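Working notes, beginning with the structure itself.
There are 2 protein chains.
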Amino acid sequence: MSVDINISPRELRLLARKGEFVEPTSGYCPGYAQANLIILPKEEAYDFLLFAQRNPKACPLLEVTDVGSRMTKFTATDCDIATDFPKYRIYRDGVLTEEVTDISEYWQDDFVAFIIGCSFSFESEMIDAGIEIRHNTEGRNVPMYMTGIDCVPAGKFSGKMVVSMRPINPKQLVKTVTVTAQLPKVHGSPIHIGDPAQIGIKDINKPEFGDAVTINPGEVPVFWPCGVTPQSIVMNVKPKLAITHAPGYMLVLDVKNVDLKE
Amino acid sequence: MSVDINISPRELRLLARKGEFVEPTSGYCPGYAQANLIILPKEEAYDFLLFAQRNPKACPLLEVTDVGSRMTKFTATDCDIATDFPKYRIYRDGVLTEEVTDISEYWQDDFVAFIIGCSFSFESEMIDAGIEIRHNTEGRNVPMYMTGIDCVPAGKFSGKMVVSMRPINPKQLVKTVTVTAQLPKVHGSPIHIGDPAQIGIKDINKPEFGDAVTINPGEVPVFWPCGVTPQSIVMNVKPKLAITHAPGYMLVLDVKNVDLKE
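Here the protein sequences come in this chain order: H and L. All residue numbers for the first sequence refer to my numbering, where the first residue is 39 and numbers rise by one. All residue numbers for the second sequence refer to my numbering, where the first residue is 39 and numbers rise by one.
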């Protein structure tokens, strides 16, 4: 699809709302923050809010909606959470049952939406710093992996962390850390540099979410905590109903990265 | 009382537990983070957790305890929340009714404790940077003021922000901002520099909490969001029961400032 990557966040959300943009959002709207999603009924919202507080690297909260509200109040204007992500996942009893582009029909008055920072946000800053984003270059979704890293449990929620990976030239490792560390609200600095096995990743060529990308000889895989972690938690804890975004298909916010540095 | 300021956090907590240390903690245990407190019944904990998420400058959460637990799990070991602050305040229907040094008798099985970062934490870093902390020099509690700044409401909780103030030499303003900005989890950068009236402070010589300090000619008052803000919220919203620390009488944690910079 030929959408200009410099489209405004609002225009991209409107395209997604109309079902006319259904692809990964990496690379779009450079400079603007992007977000993950998990929606839970109010009954489970306290435990998840506490889970996010205890796992801020994986689940940095940018906004939590009022109970039942479909609209964001702080991070974007005219933004309907039920339509403006390009793609959603419905999990029932911890099992992914449907992928849809609109969750209006699923909406409940007791839903609370957790809008969680996404590492796509800092990719434009990495590019500005001269660092290649391989999945952009190759036109793929970012590779995301289940790890052996235990999240800190909270109430009923527990499970393993999901990470995203970008292959980095060793000469740019320091720059990669310093540039991303400036944006803790969209995951910030990496959680691991190097050997995937050390964090329990089984096969670097078979990501559990997204697509594999080329790792050139000499490049080092660098891993960031990922906002798909709630989906790993949902698969582990099996709540009756949870709705998330589809990995890589993010909400682009009106908030700029620079606003998140304060 | 002659307690060495370089006492370990654990030893200071043990003195507080025995009722042998009942004074403001500013200056003690340099390099270690200090914390504010608000305790609410579980019924009100979701709204307050959301309030903290929406007001991270005033209420940066360092730890939220499991329901009914008196012990911290993440920020200090062998730390009893009901005894280890030097002084507590009991608020009933929004009114301060008692000040005590031990809340064991008040403890309920449905209590959730919110451990909130305190600006005392970064004072040792300011001192290392050559910046005088006036209330330390003068042996007083830090001055804290009610402001006209509205917090972002969440559920039942709303009200005005409380700030702490330190008079700063204009030549050290930039250093003051950069040093404190590195520690967002203990309030971070100032919220205002200069004219107190601009943030609704009525009389700089009459702080609502703590003690007034000398502002020398040419010095600029600098204001930080303060973890006494929950007490302003409690006075506004009037929950049936809330327990807080007494302003300035903080919990010293085992967590170091340097751990909070990650």
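Glycine included, C-beta positions come from ideal geometry on N, C-alpha and C. Being a predicted model, the structure only gives us computed values, none of them experimental.
Using only alpha-carbon positions, find the residue among the options that is nearest to residue i.
i: LYS194 of chain H; options: H:MET182, H:PHE89 and H:SER40; result: H:PHE89
i: PRO181 of chain L; options: L:ARG130, L:VAL224, L:ARG204 and L:MET199; result: L:ARG204
i: VAL190 of chain H; options: H:ASP297, H:ASN207 and H:ALA96; result: H:ALA96
i: PHE160 of chain L; options: L:THR267, L:SER40, L:ARG51 and L:ALA71; result: L:ALA71
i: GLY69 of chain L; options: L:ILE239, L:PRO47 and L:THR115; result: L:PRO47
i: TYR66 of chain L; options: L:PRO255, L:PRO234 and L:VAL290; result: L:VAL290
i: LYS244 of chain L; options: L:THR282, L:GLN236, L:MET184 and L:VAL266; result: L:MET184
i: VAL201 of chain L; options: L:ARG178, L:GLU137 and L:GLY226; result: L:GLY226
i: TRP145 of chain L; options: L:ILE154, L:ILE128 and L:ARG51; result: L:ILE128
i: GLY57 of chain L; options: L:THR63, L:THR121 and L:HIS230; result: L:THR121
i: THR135 of chain H; options: H:VAL272, H:ILE229, H:GLY286 and H:ALA73; result: H:VAL272
i: ASN174 of chain L; options: L:THR63, L:ARG51, L:VAL105 and L:LYS299; result: L:THR63
i: THR280 of chain H; options: H:LEU298, H:TYR126 and H:ALA54; result: Just to set this straight, residue 280 of chain H is Ala in the shown sequence, not Thr. Comparing Cα positions, the closest option is H:TYR126.
i: ALA73 of chain H; options: H:ILE141, H:ASP140 and H:ARG51; result: H:ARG51
i: ILE141 of chain L; options: L:ILE153, L:PHE123 and L:PHE152; result: L:PHE123
i: VAL105 of chain L; options: H:ASP85, H:HIS230 and H:GLN210; result: H:ASP85
Give the interface partners of residue i over in chain L, defined as CB-CB distance under 9 Å, in chain order.
i: ALA83 of chain H; result: TYR84 and LEU88
i: LEU53 of chain H; result: Residues of chain L passing the Cβ test: none, with the nearest at roughly 29 Å.
Which residue marks the beginning of the alpha helix (DSSP H) containing residue i, and which one marks its end?
i: ARG178 of chain H; result: Neither: ARG178 of chain H is in no alpha helix (DSSP H) and is coded neither H nor E.
i: ALA71 of chain L; result: That residue, ALA71 of chain L, is in no alpha helix (DSSP H); its beta strand (DSSP E) goes 70–79.
i: MET164 of chain H; result: 158–166
i: GLU151 of chain H; result: Checking the sequence shown, residue 151 of chain H turns out to be Ala, not Glu. First-last for ALA151 of chain H: 149–155, but that is the beta strand (DSSP E), not the alpha helix (DSSP H).
i: VAL251 of chain L; result: Premise fails: VAL251 of chain L is in no alpha helix (DSSP H) and is neither H nor E.
i: GLU136 of chain L; result: Segment 133–138 is the beta strand (DSSP E) holding GLU136 of chain L; no alpha helix (DSSP H) there.
i: ALA54 of chain L; result: 47–55
i: VAL217 of chain L; result: 211–219
So is residue i buried or exposed if we call it buried at 16+ other beta carbons inside 10 Å?
i: VAL296 of chain L; result: exposed
i: ALA284 of chain L; result: buried
i: ILE171 of chain L; result: buried
i: GLY248 of chain L; result: buried
i: ASN44 of chain H; result: exposed
i: GLU143 of chain L; result: exposed
i: ALA192 of chain L; result: buried
i: ASP148 of chain H; result: exposed
i: PRO98 of chain H; result: buried
i: GLN91 of chain H; result: buried
i: SER162 of chain H; result: buried
i: THR216 of chain L; result: exposed
i: PRO268 of chain H; result: buried
i: GLU176 of chain L; result: exposed
i: THR214 of chain H; result: buried
i: GLU82 of chain L; result: buried
i: SER107 of chain L; result: exposed
i: SER157 of chain L; result: buried
i: VAL212 of chain H; result: exposed
i: ASP292 of chain H; result: buried
i: VAL224 of chain L; result: buried
i: ASN254 of chain L; result: exposed
i: VAL133 of chain L; result: exposed
i: LYS240 of chain H; result: exposed
i: ASN179 of chain H; result: buried
i: ALA54 of chain L; result: buried
i: ASP118 of chain L; result: buried
i: THR115 of chain H; result: exposed
i: VAL266 of chain L; result: buried
i: PRO208 of chain H; result: exposed
i: SER270 of chain H; result: buried
i: THR103 of chain H; result: buried
Going along chain H in order, which residues have a C-beta closer than 8 Å to the C-beta of residue i?
i: GLN146 of chain L; result: Chain H residues near GLN146 of chain L: none, gap ~17 Å exceeds 8 Å.
i: VAL102 of chain L; result: LEU88, GLN91 and ARG92
So with CB distances below 8 Å, who are the chain L contacts of residue i?
i: LEU99 of chain H; result: GLN91
In the DSSP assignment, find the beta strand (DSSP E) that holds residue i and state where it starts and stops.
i: LYS198 of chain L; result: 198–206
i: ARG130 of chain H; result: 126–130
i: LEU289 of chain H; result: 289–294
i: THR267 of chain L; result: Counting along the chain, THR267 of chain L falls outside any beta strand (DSSP E), though it belongs to the alpha helix (DSSP H) covering 267–275.
i: GLU101 of chain H; result: 99–102
Could you please give me the residues that DSSP links to residue i through a beta bridge?
i: ILE284 of chain H; result: Correcting the residue type first, residue 284 of chain H is Ala in the shown sequence and not Ile. Its beta-bridge partners do not exist; DSSP assigns none.
i: ASP188 of chain H; result: H:LYS198
i: PHE261 of chain H; result: H:MET203 and H:HIS230
i: ASP118 of chain L; result: L:MET109
i: LEU279 of chain H; result: H:ARG130
Quick one: is residue i near chain A, going by C-beta distance under 8 Å?
i: GLU143 of chain H; result: The structure shown has no chain A; the protein chains it does contain are H and L.
Under 7 Å: does the beta carbon of residue i sit that close to some heavy atom of the ligand MG?
i: PRO228 of chain L; result: Absence of the ligand MG is noted for the structure shown, with no ligands found whatsoever.
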